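Following this note's numbering, the numbering of the sequence shown begins with 194 at its first residue and continues without gaps. All residues carry an ideal CB built from backbone N, CA and C; glycine is no exception. Quick caveat, the model's predicted, so the values are computed rather than measured. Each remark here refers to the structure printed beneath this line.
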Amino acid sequence: MIAIAMSGSDAHFSVNTRLTRLLGETYRSSEAALKELVDNAWDADAKNVWITLPSPMTSEAIVVRDDGAGMTSLEMQNEYLNIASDKRARTGDRTPSLKRKVKGRKGIGKFAGLSLANRMDVIAVARGRKCHLSIDKMALTENENDLESGPHLFWRRKLQATMSELR
Numbered sequence: 194m195i196a197i198a199m200s201g202s203d204a205h206f207s208v209n210t211r212l213t214r215l216l217g218e219t220y221r222s223s224e225a226a227l228k229e230l231v232d233n234a235w236d237a238d239a240k241n242v243w244i245t246l247p248s249p250m251t252s253e254a255i256v257v258r259d260d261g262a263g264m265t266s267l268e269m270q271n272e273y274l275n276i277a278s279d280k281r282a283r284t285g286d287r288t289p290s291l292k293r294k295v296k297g298r299k300g301i302g303k304f305a306g307l308s309l310a311n312r313m314d315v316i317a318v319a320r321g322r323k324c325h326l327s328i329d330k331m332a333l334t335e336n337e338n339d340l341e342s343g344p345h346l347f348w349r350r351k352l353q354a355t356m357s358e359l360r
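See the structure below:
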């Protein structure tokens, strides 16, 4: 927390939702955005990544699916949704299981999906539980005052799958 003395009360930064658009624009092409999502799977120790592209001229989803470590709802909330979070500072330069060199550097790769679509669904499975986070680009821009108070759909349930997926 950053505190500034102001007449006896604390002041705090807020993050305008425009930041999500600016970060999404850092990917100059859909290929670069897809590469970033594959890099995220690499950092999750995925051995396989499957990419399903839509048929031309349709509104079908781009689906990136991997068999990496996944995230619990707590990890999704505290790590994935923490913009610019430094994974290397938390877990080191190597991935936990396969000891790969971590590719993530800035903690903004999650916005690659929003550069490809108007809505991004992150479906993660870890320890037999499924988490689903839906981020709508239009809802973010409508709530332009503060990214932290924006509406994001989030739910979890128990299941027997081991796949993580981003749509």
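Residue from the options whose Cα sits closest to the Cα of residue i
i      : options                           : result
Ala364 : Thr334, Asn241 and Gly302         : No statement about residue 364 is possible, as the shown extent of the chain runs from 194 to 360 and does not include it.
Lys240 : Asn275, Met313 and Thr288         : Thr288
Ile229 : Val318, Arg322 and Arg298         : The displayed chain sequence assigns Glu, not Ile, to residue 229. Looking at the Cα atoms, Arg298 is the closest of the given residues.
Cys324 : Ser290, Glu335 and Tyr273         : Tyr273
Glu268 : Val231, Ser248 and Leu326         : Leu326
Ser223 : Ala305, Asp329 and Met331         : Ala305
Ile244 : Asp238, Ala237, Val231 and Asp236 : Val231
Ala310 : Ala282, Val257, Trp235 and Asp236 : Val257
Buried versus exposed, by CB contacts within 10 Å (16 or more), residue i
i      : result
Met194 : Unreliable placement is indicated for Met194, whose pLDDT of 45 sits below 50; the coordinate value is still reported in the next sentence. Under this definition Met194 is an exposed residue.
Asn271 : exposed
Leu246 : exposed
Leu216 : buried
Ala277 : exposed
Thr251 : exposed
Met331 : exposed
Thr284 : exposed
Residue range of the beta strand (DSSP E) that includes residue i
i      : result
Thr245 : Val242 to Thr245
Met313 : Arg312 to Ala319
Ser327 : Arg322 to Asp329
Arg258 : Val256 to Asp259
Extent of the continuous alpha helix (DSSP H) to which residue i belongs
i      : result
Leu291 : Element bounds for Leu291: n/a, residue is neither H nor E.
Asn233 : Ser223 to Asp236
Gly263 : Taken as a continuous stretch (DSSP letters only), Gly263 belongs to no alpha helix (DSSP H), as it is neither H nor E.
Bridge partner(s) assigned by DSSP for residue i
i      : result
Arg287 : Lys294
Quick check: the segment 253 to 272 against the segment 306 to 317, are there 3 or more CB pairs under 8 Å? yes
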